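Student: For reference, the structure I am asking about is given below.
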Amino acid sequence: MRVTEGELELEVPGEQTDGIEESVFYNPRQELNRDLTIATLRAYREREDRAETYLDAMTASGIRGVRAAADGWDVTCCDVNEDAVELARANLARNDCESRATVEHRNVNALMHEQVFDVIDLDPYGTPMPFADAAFANCRDLVCVTATDTAPLCGAHFNSGVRSYSAVPRNTDYHAEMGVRILLSALARSAARFDVGVEPVLTHATSHYVRTYLELEHKATAADAAIDTLGHISHCEDCLYREHEFGLHADPIEECPHCGGNRMLTAGPVWLGSVCDSEFVAAVRDEVPDAFGTAEKARDLCTTLETELDEPTHYDQHKLCRNWGLPANAMDEFLTDLRDAGYAASRAHYGGTTFKTDASVGEIREATAASLE
Ligand SMILES: [Zn+2]
């Protein structure tokens with residue numbers, strides 16, 4: 001079957017069927033992820049002009065590698081699967097990219113330990129953690145990570161999440177963001193082992209995956225700063241109150257300070273810092289051309305990410321209103337009520353009715369209730 005993406009044509013095995021969760025070689029639902037990858041690589045080259053080499057660590061059909069090579073990167077495509085390696089070679093040749101790309105048929109952890117890359121892209125099936133250490137050990141500038149195991153990340157598959165991420169994820173009403181912050185925490189701790197500090201310059205949770213781009217700083221103090229960004233979130237299952245505290249020690253709250261209930265959850269260590277660099281996200285949006293299949297979606301996502309507040313959790317207006325037994329309001333009006341009451345408020349990219357604010361759950365209700373009655 002032929003597919004066209006980013007104005008390039010690739011051959012991938014099998015029929016493209018709607019609703020297929022994952023294809024080993026080509027997942028059409030990841031087109032947005034790949035379009036944003038190319039736009040991010042373009043924006044990153046403006047920021048760090050010595051970045052030249054890009055490792056597509058789990059290349060499968062080679063699509064990401066082909067797209068990066070066509071964009072001028074010095075690409076290495078790696079896969080342990082022999083069929084994938086052959087397919088990647090054929091797709092590079094089809095797009096006249098052989099001269100700019102090397103294909104490696106081997107264990108990518110071994111490759112990452114032996115060779116230095118400016119940018120490493122991890123897009124494995126399931127958790128990326130088995131590849132994180134090798135990626136951070138030698139990568140120079142940027143590590144890009146996709147995690148598709150959202151159930152473990154958000155605490156829905158609790159034991160699996162604990163095993164993969166050495167943290168306690170909790171299933172809350174902001175589950176996708178729990179996944180983002182559990183993943184970033186585990187990656188920051190992995191990088192710190194090599195005296196490397198991470199700064200997430202772009203992160204998004206979209207349908208069934210989390211994607212993040214981490215700029216690296218090779219300095220022990222930068223690694224310390226990243227570790228200092230970790231902490232814990234306490235969450236009340238009854239009234240949706242939440243608070244966070246920095247530090248690797250958890251200090252669980254027994255009783256909810258808002259409703260007095262005892263159904264408190266503690267999650268962590270999670271990443272409590274910002275997950276995007278607004279200026280960089282704006283630059284990425286400007287690098288999305290009309291020709292990309294998901295151009296409009298990609299730009300809209302960047303616009304929301306650019307203005308999203310740095311608060312570590314978001315709320316869903318509909319879930320709050322259901323909890324309060326009140327009808328929901330239009331989002332713009334709801335956010336205006338919060339701002340009029342003196343709070344910061346922004347939309348969040350996690351869903352159409354999600355938002356961020358520095359107001360507590362009690363303050364939100366007080367600020368918005370008059371318009372909800
Ligand atoms: Zn409560």
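Going by this note's numbering, the first residue of the sequence shown is number 1, and it counts up by one from there. Glycine included, C-beta positions come from ideal geometry on N, C-alpha and C. Predicted model only: the values in this text are computed from it and were never measured.
Does the Cβ-Cβ distance between Leu216 and Val143 come in under 8 Å?
Tutor: Yes, they are a contact pair.
Student: Which class does Leu214 belong to by DSSP, given the choice of helix, strand or coil?
Tutor: Of the three classes helix, strand and coil, the one that applies to Leu214 here is strand, per DSSP.
Student: Quick one: using the 10 Å Cβ neighbour count with 16 as the cut-off for buried, is Gly268 buried or exposed?
Tutor: Gly268 comes out buried.
Student: Near His204, what residues of its chain come up, given a Cβ to Cβ distance below 7 Å and the 5 sequence neighbours on each side ignored?
Tutor: So the list reads Arg211, Leu301, Leu305 and His349, once near-sequence residues are dropped.
Student: So, is Arg242 buried or exposed, given that buried needs 16 or more other C-beta atoms within 10 angstroms?
Tutor: When all chains shown are included, Arg242 counts as buried.
Student: Going by C-alpha to C-alpha distance, which of Ala328, Ile182, Asn323 and Asp96 sits closest to Ala69?
Tutor: Checked all of Ala328, Ile182, Asn323 and Asp96; the closest Cα to Ala69 is Asp96.
Student: In chain order, which beta strand (DSSP E) runs of at least 3 residues are fully inside the segment 306-349?
Tutor: Correct list: 345-347.
Student: When DSSP builds the beta bridges, which residues end up paired with Met129?
Tutor: Partner(s): none; Met129 has no beta bridge.
Student: Contact check, Cys256 vs Cys276 under 8 Å by CB: the rounded distance?
Tutor: With 8 Å as the limit, Cys256 and Cys276 do not qualify as a contact, their Cβ atoms being about 30 Å apart.
Student: Any chance you could list the alpha helix (DSSP H) runs of at least 4 consecutive residues sitting entirely within the segment 119-189, in chain order?
Tutor: Those alpha helix (DSSP H) runs which fall completely within the segment 119-189 and span 4+ residues are 129-138, 150-154 and 158-165.
Student: Can you tell which of Ala176, Asp224, Trp271 and Ala188 has the C-alpha that lies nearest to the C-alpha of Leu354?
Tutor: Going by the sequence as given, residue 354 is Thr instead of Leu. Checking every option, the nearest Cα to that of Thr354 belongs to Ala176.
Student: Looking at Leu214: is its Cβ nearer than 8 Å to the Cβ of Leu272?
Tutor: Going by C-beta atoms, Leu214 is not nearer than 8 Å to Leu272.
Student: Which residues in the same chain as His244 place their Cβ atom closer than 7 Å to its Cβ, once the five residues preceding and following it in sequence are excluded?
Tutor: Around His244: Gly231, His232, Ile233, Leu272 and Pro312.
Student: Gly362 to Trp324, Cα distance in whole Å?
Tutor: Cα to Cα, Gly362 sits roughly 11 Å from Trp324.
Student: Around the C-beta of Thr114, are 16 or more other C-beta atoms found within 10 angstroms, so that it is buried, or is it exposed?
Tutor: According to the sequence displayed, residue 114 carries Glu and not Thr. The residue in question, Glu114, is exposed, as its Cβ has fewer than 16 Cβ neighbours within 10 Å.
Student: Once DSSP output is grouped into helix, strand and coil, what is the label at Glu114?
Tutor: Helix, per DSSP.
Student: Give the secondary structure of Lys297 by DSSP, where H, G and I count as helix, E and B as strand, and everything else as coil.
Tutor: It is helical.
Student: Along the chain, where does the alpha helix (DSSP H) that runs through Val3 open and close?
Tutor: First-last for Val3: Arg2 to Glu5, but that is the beta strand (DSSP E), not the alpha helix (DSSP H).
Student: Assign Tyr165 to buried or exposed, taking buried as 16 or more other Cβ atoms, counted over all protein chains shown, within 10 Å of its Cβ.
Tutor: By the neighbour-count rule (16 or more Cβ atoms within 10 Å), Tyr165 is buried.
Student: Just reading off the alpha helix (DSSP H) that Asp35 is part of, what are its end residues?
Tutor: Where Asp35 is concerned, the enclosing alpha helix (DSSP H) stretches over Glu31 to Arg47.
Student: Kindly indicate which residue of Glu86, Ala57 and Gly62 has the alpha-carbon position closest to the one of Phe136.
Tutor: Out of Glu86, Ala57 and Gly62, Ala57 has the C-alpha closest to the C-alpha of Phe136.
Student: Just verifying my parser: in three-state terms, what is the DSSP assignment at Cys236?
Tutor: Residue state, collapsed to three classes: strand.
Student: In three-state DSSP terms, what is Ala359?
Tutor: Ala359: coil per DSSP, three-state reduction.
Student: For Asn159, count the other beta carbons within 10 Å of its own beta carbon; 16 or more makes it buried, fewer makes it exposed. Which is it?
Tutor: By the 10 Å Cβ count, Asn159 comes out exposed.
Student: Please report how far the alpha carbon of Arg347 lies from the alpha carbon of Ala88, in whole angstroms.
Tutor: In a straight line, the C-alpha of Arg347 is about 40 Å away from that of Ala88.
Student: Look at the alpha carbon of Leu183 and the alpha carbon of Ile364, and state the distance between them as a whole number of angstroms.
Tutor: Taking the straight line from one Cα to the other gives about 28 Å.
Student: Looking at the strands, I want to know which residues DSSP matches up with His105.
Tutor: Beta-bridge pairing links His105 to Asp79.
Student: Identify whether Asp74 lies in helix, strand or coil by the three-state DSSP scheme.
Tutor: Residue state, collapsed to three classes: strand.
Student: Considering only residues of the same chain and omitting the five flanking positions on each side of Asp71, which have a CB-CB separation below 8 Å?
Tutor: Cβ neighbours of Asp71 beyond the five flanking positions: Ile38, Leu41 and Arg42.
Student: Taking Ala283 as the reference, give the member of Glu308, Thr148, Ala167 and Val201 with the closest Cα.
Tutor: Ala283 has its Cα closest to that of Val201, out of Glu308, Thr148, Ala167 and Val201.
Student: Excluding five sequence neighbours on each side, which residues of the same chain lie with their C-beta closer than 7 Å to the C-beta of Ala250?
Tutor: Counting only Cβ-Cβ distances below 7 Å, and skipping sequence neighbours, we find His232, Thr266 and Gly268.
Student: Excluding the five sequence neighbours on either side, which residues of its own chain have a C-beta within less than 8 Å of the C-beta of Arg34, listed in chain order?
Tutor: The answer, listed in chain order, is Glu5, Gly6, Ile63, Arg64 and Arg67.
Student: Got a sec? Which residues, its chain only, sit under 6 Å from Pro252 by beta carbon, not counting five neighbours each side?
Tutor: Once the five neighbours on either side are set aside, the close Cβ partners of Pro252 are Thr266.
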